[in-house]
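> Residue numbers (the working numbering), protein chains in the order written: chain Z, 111 to 406; chain X, 111 to 406.
The beta carbon of each residue, even a glycine, is placed where N, CA and C say it ideally should be.
Computed from a predicted structure; not experimentally measured.
Number of protein chains: 2
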Amino acid sequence: MTFTECLEAHARSVEERFEIWLTPEKLGAVPTRLLSAMRYAALGGGKRLRPFLVIESARLFGIPVEQALDAAVALECVHCYSLVHDDLPAMDDDDMRRGRPTVHKAFNEATAILAGDALLTLAFEIVASPGAHPNPAVRAALALSLAKASGGAGMAGGQMLDLEAPGKILGEADVRMLQKMKTGALITFACEAGGILGETTDSKLAGLRNFGNALGAAFQLADDLLDAEGDAAVVGKATGKDQEAGKATLVSLFGKETAHAKLGELKEEALAALAPFKPNEKMLADATGFVVARKF
Amino acid sequence: MTFTECLEAHARSVEERFEIWLTPEKLGAVPTRLLSAMRYAALGGGKRLRPFLVIESARLFGIPVEQALDAAVALECVHCYSLVHDDLPAMDDDDMRRGRPTVHKAFNEATAILAGDALLTLAFEIVASPGAHPNPAVRAALALSLAKASGGAGMAGGQMLDLEAPGKILGEADVRMLQKMKTGALITFACEAGGILGETTDSKLAGLRNFGNALGAAFQLADDLLDAEGDAAVVGKATGKDQEAGKATLVSLFGKETAHAKLGELKEEALAALAPFKPNEKMLADATGFVVARKF
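#1: Count Cβ pairs between the stretch 255 to 270 of chain Z and the stretch 127 to 138 of chain X that sit closer than 8 Å; are there 3 or more?
#2: Among Z:I306, Z:K347, Z:A328, which residue has its Cα nearest to the Cα of A369 of chain Z?
#3: Are any of the Cβ atoms in chain X nearer than 7 Å to that of M393 of chain Z?
#4: Contact between the stretch 261 to 272 of chain Z and the stretch 119 to 131 of chain Z: three or more CB pairs below 8 Å?
#5: To the nearest angstrom, how far is it from the Cα of P211 of chain Z to the Cα of R158 of chain Z?
#6: With H, G and I counted as helix, E and B as strand and the rest as coil, what does DSSP make of R210 of chain Z?
#7: With three or more beta-carbon pairs closer than 8 Å as the criterion, would you say the stretch 316 to 325 of chain Z touches the stretch 288 to 306 of chain Z?
#8: Take K314 of chain Z and list the residues in its own chain whose beta-carbon comes closer than 6 Å to its own, dropping the five residues that flank it on each side.
#9: Under 7 Å, Cβ to Cβ, is there at least one residue of chain X near P174 of chain Z?
#10: Alpha carbon to alpha carbon, what distance is there between V237 of chain Z and A181 of chain Z?
#11: Quick one: does G356 of chain Z have its CB under 7 Å from some CB of chain X?
#12: What's the gap between the Cα of V213 of chain Z and the Cα of F387 of chain X?
#13: Exposed or buried, which one is K351 of chain Z when buried takes at least 16 other CB atoms within 10 Å?
#14: For C190 of chain Z, which residues from the same chain have a beta carbon less than 6 Å from its beta carbon, with the 5 sequence-adjacent residues on both sides left out?
#15: Looking at the unbroken alpha helix (DSSP H) that takes in N323 of chain X, where does it start and where does it end?
#16: Starting from T112 of chain Z, follow the alpha helix (DSSP H) in both directions and report where the run begins and ends.
#17: When you compare the CB of V124 of chain X with every CB in chain Z, is at least one pair closer than 7 Å?
#18: Distance cutoff 7 Å, beta carbons only. Does F162 of chain X sit that close to anything in chain Z?
#19: Using a Cβ-Cβ cut-off of 7 Å, state whether T133 of chain Z counts as contacting chain X.
#20: For I165 of chain Z, report the span of its alpha helix (DSSP H) as first-last.
#21: On a CA-only basis, which of X:G209, X:K366, X:G155, X:D196 is nearest G226 of chain X? Give me that one, please.
#22: Using 7 Å as the threshold, is the C-beta distance between A376 of chain Z and A332 of chain Z below it?
#23: Between P141 of chain X and chain Z, is there a C-beta pair that is closer than 7 Å?
#24: Going along the chain, which residues of its own chain have a beta-carbon closer than 8 Å to the beta-carbon of V183 of chain X, five neighbours each way excluded?
#25: Residues of the stretch 226 to 238 of chain X in Cβ contact with chain Z at a cutoff of 7 Å, in chain order, please.
#26: Could you tell me whether any Cβ in chain Z is nearer than 7 Å to the Cβ of H195 of chain X?
#27: Please list the terminal residues of the continuous alpha helix (DSSP H) segment that includes G305 of chain X.
#28: For A383 of chain Z and A395 of chain Z, I'd like the C-alpha separation in whole angstroms.
#29: Take the Cβ of P168 of chain X as the centre, count every other Cβ of all protein chains shown within 10 Å, and call the residue buried at 16 or more, exposed below.
#30: My understanding is that A380 of chain X touches T359 of chain X, with C-beta atoms under 8 Å, so please give their C-beta distance in whole angstroms.
#31: According to DSSP, simplified to helix, strand and coil, what is G281 of chain X?
#32: In chain Z, which residues lie less than 9 Å from L315 of chain X when you measure between Cβ atoms?
#33: Can you pull the chain Z neighbours of Q269 of chain X, defined as C-beta to C-beta under 8 Å?
#34: Under 7 Å Cβ-Cβ, which residues of chain Z neighbour K258 of chain X?
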């Protein structure tokens, strides 16, 4: 199976499991309008890269896809909630996402805020439920690690820094910190989650975090390069936005050439972190190549 | 110790523990502005009734206050986040709370949304951390139960129903469901949490939930009666708001006399649910009396 086939297969499995979670049978009496907004936000889109990383990092330890799916879906709940809240008028004020109206446009602002809140809460319901793992210590560890990655010192804090950035002069360390919190933390959790599910050693967990840190940084740098160099028609969204907004990125700080060189270094760093997991690390290595080379 | 002294003592302990959690030493690199907003939202106010219920329900099983504090603080995180988001312009649009500007007025809307998100996330970090309980199965159970109480089929769903209520004709069953979700679910969790911390039997847990359900319903009915009958100067906030807004409550549906009678019935129901916990249930019985008789 090629990397792309594997990514698509996992995306389908995640979608199916998400479909099951986002029903009254599973969740109880969620008001219809709220459940519709949650489904609109969560279903039918995205490459599902973060769930892929959960599933494939769990496979390093012999965990079957089926057993990693709930943790993968929980992480995707957090990712989807963050998009809903980030798109709000008071935040990034975006009307469109993935080619269709954002949740507050399709429903309204109040519903979007609540749908985000409910998806974030659902993430913890899912990881704390017995289906996530038979060992409750694993479920508690998943909840703790996911909360740290998502909260004030993780993703939510990164969004705060991003909102504060205009008008500030950011250096390399500031940009790295912002990106590590805003997008890196969830990607690192995705990789770590597989090790938590596999009940592996602290040393292997640290290796997975190192891999996730390098991959997350590469993901963001590739994104910045796409914005600086990409063709809007291929990327699927407007490009040149960072420069227009005067936004500091590693590309604006170092120039494209150095940024490409750094991207190569991050790729090597990620692949090196995978070495202890040979010979089962091929899909994660291919994912690294995909993240570094992606054109969309 | 009287009930009021006990309530105040627990409120102080909760405040102290909250102070410790809401620091960079404990949480890591939360951006200053975000941490300030979280502290503004969470510290320095409220009767802390929900944490009181966690602590006192845990004491039924011999759990010392110190061991119940983290679960109590986690629950209060959820309560505080819900107030921040409910106050937003797109939601209830309130400028003042507890005599000072709401978070989006004191900071701004984006910061209020993120502070709410970060407090909700922190709740799960706290219950999943080893300090919440030495047994990871207890931590996972707390996370699961808290998530169910707070999410789409609980508090967040109740807020959705409340936002949809204007213009709808609500009957008794609708009002009960709305109130059970919006305010009852967290109060029921507060009572159940003590049993989870005490690793008690399913039958005792069910008893605690019955107590919480009756107490939560009484709390809301007393609130509606205060709005209908209370003196704004004593209540500490404007009264008569429900009638002005044409809001259906059990008071508007049945009249004050029947509502008072139902409040008496709920008190009896709550006290009856406490019977299996004799002779240690005195503080919770006194809390019931307080909730039913409160004038503020």
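Quick look at the numbers:
#1: Contact holds: three or more Cβ-Cβ distances are below 8 Å.
#2: Taking the first residue of the first sequence as 1, we reach residue 369 of chain Z at position 259. Scanning Z:I306, Z:K347, Z:A328 for the CA closest to the CA of A369 of chain Z turns up Z:A328.
#3: Counting from one through the first sequence, the residue named residue 393 of chain Z turns up at place 283. M393 of chain Z does not count as touching chain X.
#4: no
#5: If you number the first sequence from 1, residue 211 of chain Z lands on position 101. If you number the first sequence from 1, residue 158 of chain Z lands on position 48. So the alpha carbons of these two residues sit roughly 20 Å apart.
#6: Translated into the one-based positions of the first sequence, residue 210 of chain Z becomes position 100. Strand.
#7: Result yes; three or more Cβ-Cβ pairs closer than 8 Å.
#8: Residue mapping note: residue 314 of chain Z aligns to position 204 of the first sequence, counting from 1. Once the five neighbours on either side are set aside, the close Cβ partners of K314 of chain Z are G305.
#9: The count along the first sequence starts at 1 and reaches residue 174 of chain Z at position 64. Taking Cβ atoms only, chain X never reaches closer than 7 Å to P174 of chain Z, which makes this a no.
#10: Position 71 of the first sequence holds residue 181 of chain Z. Position 127 of the first sequence holds residue 237 of chain Z. Taking the straight line joining both Cα atoms gives about 6 Å.
#11: Position 246 of the first sequence, counting from 1, holds the residue named residue 356 of chain Z. Chain X, which has no Cβ nearer than 7 Å to the Cβ of G356 of chain Z, makes this no.
#12: The residue given as residue 213 of chain Z occupies position 103 in the first sequence. The residue given as residue 387 of chain X occupies position 277 in the second sequence. Approximately 47 Å, taken between the alpha carbons.
#13: Within the first sequence, residue 351 of chain Z is the residue found at index 241, counting from 1. Flag for K351 of chain Z reads exposed.
#14: Stepping through the first sequence from its first residue, residue 190 of chain Z is reached at position 80. For C190 of chain Z, where only same-chain residues beyond five positions count, the Cβ hits under 6 Å are A151, A152, L229.
#15: Position 213 of the second sequence holds residue 323 of chain X. Taken as a continuous stretch (DSSP letters only), the alpha helix (DSSP H) holding N323 of chain X covers 312 to 339.
#16: For the purposes of this step, residue 112 of chain Z is identified with residue 2 of the first sequence, where counting begins at 1. It is not in any alpha helix (DSSP H) - T112 of chain Z carries neither H nor E in the DSSP assignment.
#17: As a position in the second sequence, residue 124 of chain X is number 14, starting the count at 1. So, not an interface residue.
#18: Here the question's residue 162 of chain X lines up with position 52 in the second sequence. Chain Z, which has no Cβ nearer than 7 Å to the Cβ of F162 of chain X, makes this no.
#19: Position 23 of the first sequence, counted from the first residue, corresponds to residue 133 of chain Z. Not closer than 7 Å to any Cβ of chain X, the Cβ of T133 of chain Z fails to qualify, so no.
#20: Translated into positions along the first sequence, residue 165 of chain Z becomes position 55. I165 of chain Z: member of the alpha helix (DSSP H) spanning 159 to 169, first to last residue.
#21: Counting from 1 along the second sequence, the entry for residue 226 of chain X is found at position 116. Of the listed residues, the one whose Cα sits closest to G226 of chain X is X:D196.
#22: Taking the first residue of the first sequence as 1, we reach residue 376 of chain Z at position 266. Taking the first residue of the first sequence as 1, we reach residue 332 of chain Z at position 222. Correcting the residue type first, residue 376 of chain Z is Leu in the shown sequence and not Ala. No, these two residues do not count as a Cβ contact at 7 Å.
#23: In the second sequence, the residue the question calls residue 141 of chain X occupies position 31. At least one chain Z Cβ lies under 7 Å of P141 of chain X.
#24: To locate residue 183 of chain X, count along the second sequence from 1; it is residue 73. Hits under 8 Å: V124, R127, F128, W131, P161, I236.
#25: Listed in sequence order: D227, A228, L230, T231, L232, F234, E235, A238.
#26: As a working mapping, residue 195 of chain X is identified with position 85 in the second sequence. Yes - at least one Cβ of chain Z is within 7 Å of the one on H195 of chain X.
#27: Mapped onto the second sequence, residue 305 of chain X falls at position 195. That run of the alpha helix (DSSP H) goes 295 to 307.
#28: Here residue 383 of chain Z refers to the residue found at position 273 of the first sequence. Here residue 395 of chain Z refers to the residue found at position 285 of the first sequence. Each residue's Cα considered, the two are about 10 Å apart.
#29: Within the second sequence, residue 168 of chain X is the residue found at index 58, counting from 1. In the sequence as displayed, the identity of residue 168 of chain X is Ala instead of Pro. Its Cβ being crowded by 16 or more others within 10 Å, A168 of chain X is buried.
#30: In the second sequence, the residue the question calls residue 380 of chain X occupies position 270. In the second sequence, the residue the question calls residue 359 of chain X occupies position 249. Between T359 of chain X and A380 of chain X the Cβ distance is about 20 Å, and since that is not below 8 Å, they are no contact.
#31: Taking the second sequence and counting its residues from 1, the one referred to as residue 281 of chain X is at position 171. Here G281 of chain X sits in coil by DSSP.
#32: Counting from 1 along the second sequence, the entry for residue 315 of chain X is found at position 205. What L315 of chain X touches in chain Z: nothing, since even the nearest Cβ is about 16 Å away.
#33: Counting from 1 along the second sequence, the entry for residue 269 of chain X is found at position 159. Those are L224, listed as they occur along chain Z.
#34: As a first step, residue 258 of chain X is located in the second sequence; it is residue number 148 there, counting from the start. Within 7 Å Cβ-Cβ: E235.
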